[in-house]
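S.K.: Line order of the protein sequences matches chains Z and Y.
Take 57 as the starting number for the first sequence in my numbering and just add one per residue.
Take 10 as the starting number for the second sequence in my numbering and just add one per residue.
Yeah, the Cβ is synthetic: ideal placement off N, Cα and C, and Gly gets one too.
What you are looking at is a predicted structure, and each value in this text was computed from that prediction instead of being measured.
One structure coming up, written as structure tokens, with questions to follow.
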Amino acid sequence: MLEITNLYKKYLNSERFAVEDLSLSLRGGEIFGFLGKNGAGKSTTIKCLTGIYPFNSGSIVICGHDIAKDPIKAKLNMGYVPDDHSVYEKMTGREYVNYIADLYRVSKRERDERFDKFVKQFRLTKAVDSQIKSYSHGMKQKICIIGALIHNPKLWVLDEPMMGLDPQSMVEILKRMREHCADGNTIFFSSHNLDLVAKICDRAAIINDGKLHSVIDLQVRGNKETLEHTFLSITADDDI
Amino acid sequence: MNIILTLTKLEFRGKFSGFSATSKKSWAKLAFGLLFYAALLYVIYAVGGVLFRMFDKAGIAYEALVIIFTILFIILLITGISSTIKVLYYKGDNLILMRFPVSGSEIFISKTLFLAISQFVTTATIVVPVLLAYANVIPVGQMFYNSIPVSVLFLVLIPFLLSNILAIPIMHLTNKIRNKFGLIIILLSILVAGMFAIYMFLFSKVVDFMKNDSFSVFSPEFVYTIQQTAKYLIPTKYFADILLHNEMYFAYPALIILTGISLAGMILVINLIYQKTLLGNIEIEGSAFVRKTKNKKKSIFAALLCKEFIQVFRSVNYSFQYFVLAVAMPVMVYFCNSIALKLGENTIGEQISVGMTLLVMLIFATVITSFSATSVTREGNNFYHTKIMPVPIRTQLLAKFVMYLLVSLTANLICVFILIVTKMMEANVAWWVFGIVQMLSIGITLRSMRYDIKKPHFNLSGEGEVVNATANTTASVLLGFVVAVTVGMLSMVTAYMLSLPISMIICTLLSVLIFLYCVAVYSINLKKTYEKIVK
């Protein structure tokens, strides 16, 4: 579903690599957590794999399509929710989702069906025809998620999806994540939240200083503790 | 008192935050700014002199002074209301200040002080050259010069105090209509086109006067109307009366009483409703409209184009920058062309009128197309959408380009239609002008877009909008002006020295070269450069 091979990314005017020799392989139907402290390289990796940032070397293949060589086909298979849930706020919720659906070539029948389902699931029925600028933080996040899912992507990428959300919204998003995976799709999400990753992920990777530290299978008994131990040992020597 | 001083200092520091005493660039910018300001003041003085001479010839110099004071009063009142609403109610720091143990009155007084000082400096620097121009034309005594500071003080104070009282009701009104975008755009278009029409009427009279200044350019009816109107322009006629020592015993008390009433009104506003309105406004700032629609499938290109129009059309700021000026373009072209023809009657004939039209249309096209220099910048926090969507960059940019093209094409077509219908130009020449303007307009649009692709400025403010002109906009306007002046002047000179057909061939060749250069600069490494943009 997602193959990252020997990814290197260095920012302009920077001496060190933000991501260095990172390789990951994600299977269909799994929720994959991407853990790391602030500045570890989580968001940079996500921005490279979504096509937002160019990268120096390596390859990223989504559903068999290389993001650098065949970006359109790769992007058609992916949905992305950014950490700052930025959306076009002058549009109404419905206009925004329709705009995204048009760009991803979603048929009228499919968009009607999915739109109604998601709007109901995220309790946005009343707000969906209001301009997005009137939405709360959580509502913006939800409309962003609906936009990312309207084309039913095989790979759903989320950057810090639970940041600043109330418990009710978190539950709704987690439910949707599980349902999306149950249909054979893959979720790749970054987080600081160790408990959340341990609770819902099938596997998790820890990234530190741009390098992949470890990939832990959370289905194996006792590995949730290993994840906690590994993550805390990395963050313990943080210079605050 | 200390808090008020600290808050006032904070306002000034915010205003001059870009200046650094150790930076050579800052000093160079300051020097350039002062030079520009001095040149502007000289232009005001010179234009003021011509206007006063023209009105004096008709025996209505005093009335002209009253009218100028009235116009300034209205401008100061409007800008005062606008600044008051912006600084006192909408500025982001209100949200911060309200969290601190600072009273509403202290915030109000500090911000009011800042506004009053800024307004006084700006008004004084504009009014003084106008009054000096008057004194240069009409013989006045020493008392005229002595009364200038008093007159300026009243002129600043009264509109300022009134604007503080009027700001709240006007703000409520604008909050009510702020989402009626169509209505706002229509009203703004009428207002801008009207202002241009009045300006051009006056300008055409100046041209008449400059051609022959031995007699009045105004009809007796016009003079009578102006005289009767000036009598009733209260309180602005009192500013002129103070300077000229007319009805002194009436003018001074009237202005003092008006200042007192306005001051009392403002104090009432502070004590009774400022804090309440401030809190209320912070709450309604995010007010939005509801638009019930159905899910509808569009083609990718139609979706991109529609989104571009929504982004511009649902912003008063962008609509003004873009659509409203496009509406004003045909008005300006009509008046400028009639003036050009008038200028040419006794001198170099009709040959230069084509070049003049070309110059005016190109200058307007430049101003309109400079909007394309924020193509990427305007995406702001949503820029990531352009990178993640499964649509080629060229298609996305084409949608933006088509939006610019549709507006400039419509404005250009209306201009040509006006030129042909009013018989200002022969149809074949008018269509040639259209072709040249459209070709150069496309070229400048593409070049401007490329400026922004190379270096977008994502530091947006307010509701995520570009409020101030970016360096790319400045570069785009400069390029447009250079092209407009070069092609326009070349057309005038060659038409006068050679012939119109040869002039048309030369200008076409130059325009094609400029067009090809712009298309080439836009196209080379476009995808690669776009991919490098990082927010």
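Quick check: L281 (chain Y) and T366 (chain Y), are their CB atoms within less than 8 Å of each other?
M.R.: What you label residue 281 (chain Y) is simply residue 272 of the second sequence in a count that begins at 1. What you label residue 366 (chain Y) is simply residue 357 of the second sequence in a count that begins at 1. Not closer than 8 Å, so no.
S.K.: If you check the beta carbons only, do K131 (chain Z) and G107 (chain Z) fall under 8 Å apart?
M.R.: Indexing the first sequence from 1 puts residue 131 (chain Z) at position 75. Indexing the first sequence from 1 puts residue 107 (chain Z) at position 51. Yes. Within cutoff.
S.K.: Does any residue of chain Z bring its CB to less than 8 Å from the CB of I309 (chain Y)?
M.R.: Numbered from its first residue, the second sequence carries residue 309 (chain Y) at position 300. True, the Cβ-Cβ gap to chain Z drops below 8 Å.
S.K.: Ordered along the chain, which non-local residues of its own chain (more than five positions away) have a Cβ less than 7 Å from that of S512 (chain Y)?
M.R.: Position 503 of the second sequence, counted from the first residue, corresponds to residue 512 (chain Y). Answer for S512 (chain Y): S500, T503, A504, listed in chain order.
S.K.: Have a look at A238 (chain Z) and G85 (chain Z) and give me their C-alpha separation to the nearest angstrom.
M.R.: Here residue 238 (chain Z) corresponds to residue number 182 of the first sequence, with the count starting at 1. Here residue 85 (chain Z) corresponds to residue number 29 of the first sequence, with the count starting at 1. Each residue's Cα considered, the two are about 6 Å apart.
S.K.: Mind pulling the alpha helix (DSSP H) runs of 4 or more residues that sit fully within the region 67 to 134 of chain Z?
M.R.: Runs of the alpha helix (DSSP H) inside the region 67 to 134 of chain Z: 98 to 105, 127 to 132.
S.K.: Which residue or residues does DSSP assign as beta-bridge partners of E230 (chain Y)?
M.R.: Taking the first residue of the second sequence as 1, we reach residue 230 (chain Y) at position 221. None, per the DSSP bridge assignment.
S.K.: In whole angstroms, give me the CA-to-CA distance for L68 (chain Z) and K267 (chain Z).
M.R.: The count along the first sequence starts at 1 and reaches residue 68 (chain Z) at position 12. The count along the first sequence starts at 1 and reaches residue 267 (chain Z) at position 211. The straight-line gap from Cα to Cα measures roughly 19 Å.
S.K.: Count the other CB atoms within 10 Å of the CB of H347 (chain Z); is the residue buried (16 or more) or exposed (fewer)?
M.R.: Nothing can be reported for residue 347 (chain Z): it is not among the residues displayed for chain Z, which extend from 57 to 296.
S.K.: Give, in chain order, every residue of the region 168 to 198 of chain Z whose Cβ lies closer than 7 Å to some Cβ of chain Y.
M.R.: Residues D168, F171, D185, S186, Q187, K189, S190.
S.K.: Under 8 Å, do A261 (chain Z) and L80 (chain Z) count as touching if we go by C-beta distance?
M.R.: In the first sequence, residue 261 (chain Z) corresponds to position 205, counting from 1. In the first sequence, residue 80 (chain Z) corresponds to position 24, counting from 1. For A261 (chain Z) and L80 (chain Z), yes; Cβs fall inside 8 Å.
S.K.: Tell me where the beta strand (DSSP E) around L214 (chain Z) begins and ends.
M.R.: For the purposes of this step, residue 214 (chain Z) is taken as residue 158 along the first sequence, with counting starting at 1. Looking at the DSSP string, the run of the beta strand (DSSP E) that includes L214 (chain Z) is 211 to 215.
S.K.: Does G267 (chain Z) come out as helix, strand or coil in the three-state DSSP assignment?
M.R.: Against the first sequence, residue 267 (chain Z) aligns to sequence position 211. Note that residue 267 (chain Z) is Lys in the sequence shown here, rather than Gly. Three-state result, K267 (chain Z): strand.
S.K.: Pick helix, strand or coil for V299 (chain Y), following the three-state DSSP scheme.
M.R.: Numbered from its first residue, the second sequence carries residue 299 (chain Y) at position 290. Reduced to three states, the DSSP call for V299 (chain Y) is strand.
S.K.: How many angstroms separate the CA atom of E71 (chain Z) from the CA atom of D265 (chain Z)?
M.R.: Residue numbering aside, residue 71 (chain Z) sits at position 15 when the first sequence is read from its first letter. Residue numbering aside, residue 265 (chain Z) sits at position 209 when the first sequence is read from its first letter. Computed Cα separation, rounded: 13 Å.
S.K.: Relative to the alpha-carbon of T79 (chain Y), which residue among Y:D250, Y:A176, Y:A312 has its alpha-carbon at the smallest distance?
M.R.: Along the second sequence, read from residue 1 onward, the residue named residue 79 (chain Y) stands at position 70. Of Y:D250, Y:A176, Y:A312, the residue nearest in Cα terms is Y:D250.
S.K.: Inspect the beta-carbon positions of I397 (chain Y) and M338 (chain Y) and report whether they are closer than 8 Å.
M.R.: Position 388 of the second sequence, counting from 1, holds the residue named residue 397 (chain Y). Position 329 of the second sequence, counting from 1, holds the residue named residue 338 (chain Y). Not closer than 8 Å, so no.
S.K.: Since I87 (chain Z) and I243 (chain Z) should fall inside the 8 Å C-beta cutoff, what is the C-beta to C-beta distance between them, to a whole number of angstroms?
M.R.: Mapped onto the first sequence, residue 87 (chain Z) falls at position 31. Mapped onto the first sequence, residue 243 (chain Z) falls at position 187. 5 Å between Cβ atoms; contact.
S.K.: For R323 (chain Y), which residues in chain Z fall below 7 Å Cβ to Cβ?
M.R.: Working through the second sequence from its first residue, we reach residue 323 (chain Y) at position 314. K146, listed in chain order.
S.K.: Chain Z partners of F90 (chain Y), CB-CB under 9 Å?
M.R.: Along the second sequence, one-based indexing puts residue 90 (chain Y) at 81. This sequence places Ile at residue 90 (chain Y); Phe is not what is there. In chain order: nothing, as chain Z lies at least about 24 Å away.
S.K.: For I361 (chain Y) and P244 (chain Y), what's the separation of their Cα atoms in angstroms?
M.R.: Against the second sequence, residue 361 (chain Y) aligns to sequence position 352. Against the second sequence, residue 244 (chain Y) aligns to sequence position 235. Rounded to whole angstroms, I361 (chain Y) to P244 (chain Y) spans 45 Å at the Cα level.
S.K.: Assign S381 (chain Y) to one of two classes, buried (16 or more other C-beta atoms within 10 Å of its C-beta) or exposed (fewer than that).
M.R.: As a position in the second sequence, residue 381 (chain Y) is number 372, starting the count at 1. When all chains shown are included, S381 (chain Y) counts as buried.
S.K.: So, helix, strand or coil for N62 (chain Z), using DSSP?
M.R.: Here residue 62 (chain Z) is taken as the residue at index 6 of the first sequence, counted from 1. Note: N62 (chain Z) maps to strand in three-state DSSP.
S.K.: Does any residue of chain Z have a CB that is nearer than 8 Å to the CB of M370 (chain Y)?
M.R.: One-based indexing of the second sequence puts residue 370 (chain Y) at position 361. Not one chain Z Cβ lies under 8 Å of M370 (chain Y).
S.K.: Using a C-beta cutoff of 8 Å, does M398 (chain Y) count as contacting chain Z?
M.R.: The residue you call residue 398 (chain Y) lines up with position 389 of the second sequence. Yes, M398 (chain Y) counts as interfacial toward chain Z.
S.K.: Per DSSP, which one or two residues make a beta bridge with D140 (chain Z)?
M.R.: Locating residue 140 (chain Z) in the first sequence gives position 84, where the first residue counts as 1. For D140 (chain Z), which the question treats as bridged, DSSP gives no partner whatsoever.
S.K.: Got a sec? Which residues, its chain only, sit under 6 Å from K66 (chain Z) by beta carbon, not counting five neighbours each side?
M.R.: As a first step, residue 66 (chain Z) must be located in the first sequence, where it is residue number 10. Excluding sequence neighbours, K66 (chain Z) sits near F73, N112.
S.K.: Does V299 (chain Y) have its Cβ less than 8 Å from a Cβ in chain Z?
M.R.: For the purposes of this step, residue 299 (chain Y) is taken as residue 290 along the second sequence, with counting starting at 1. Closer than 8 Å to some Cβ of chain Z, the Cβ of V299 (chain Y) qualifies, so yes.
S.K.: Using alpha carbons as the reference points, say which of Y:P178, Y:L60, Y:I53 lies closest to A133 (chain Y).
M.R.: Position 124 of the second sequence, counted from the start, is the residue given in the question as residue 133 (chain Y). The option with the nearest alpha carbon to A133 (chain Y) is Y:I53.
S.K.: Could you work out which residue in Y:S91, Y:P148, Y:V201 is closest to F169 (chain Y) when comparing CA atoms only?
M.R.: As a working note, residue 169 (chain Y) is residue 160 in the second sequence. Of Y:S91, Y:P148, Y:V201, the residue nearest in Cα terms is Y:S91.
S.K.: Quick one: grab the DSSP three-state call for A30 (chain Y).
M.R.: By one-based count along the second sequence, residue 30 (chain Y) stands at place 21. In this structure, A30 (chain Y) counts as coil in the three-state DSSP scheme.
S.K.: Can you grab the Cα-Cα spacing for the pair P209 (chain Z) / Y136 (chain Z), in whole Å?
M.R.: Walking along the first sequence from the start, residue 209 (chain Z) turns up at place 153. Walking along the first sequence from the start, residue 136 (chain Z) turns up at place 80. The alpha-carbon atoms of P209 (chain Z) and Y136 (chain Z) are separated by roughly 9 Å.
S.K.: Looking only at its own chain, which residues have a Cβ that is under 8 Å from the Cβ of S485 (chain Y), when we skip the five neighbours before and after it?
M.R.: As a position in the second sequence, residue 485 (chain Y) is number 476, starting the count at 1. Closer than 8 Å at Cβ, skipping near neighbours: T375, T378, S379, S381, A382, I453, R456, S457, Y460.
S.K.: Does DSSP classify I293 (chain Y) as helix, strand or coil?
M.R.: Indexing the second sequence from 1 puts residue 293 (chain Y) at position 284. At I293 (chain Y) the pLDDT is 49, less than 50, meaning the model places this residue with poor confidence; the figure from the coordinates comes in the next sentence. Helix, per DSSP.
S.K.: I want to see whether chain Y comes within less than 8 Å of G107 (chain Z), judged by CB atoms only; does it?
M.R.: Counting from 1 along the first sequence, the entry for residue 107 (chain Z) is found at position 51. So yes, G107 (chain Z) belongs to the interface.
S.K.: D185 (chain Z) by DSSP, collapsed to three states: which one?
M.R.: Translated into the one-based positions of the first sequence, residue 185 (chain Z) becomes position 129. Three-state DSSP puts D185 (chain Z) in coil, outside helix and strand.
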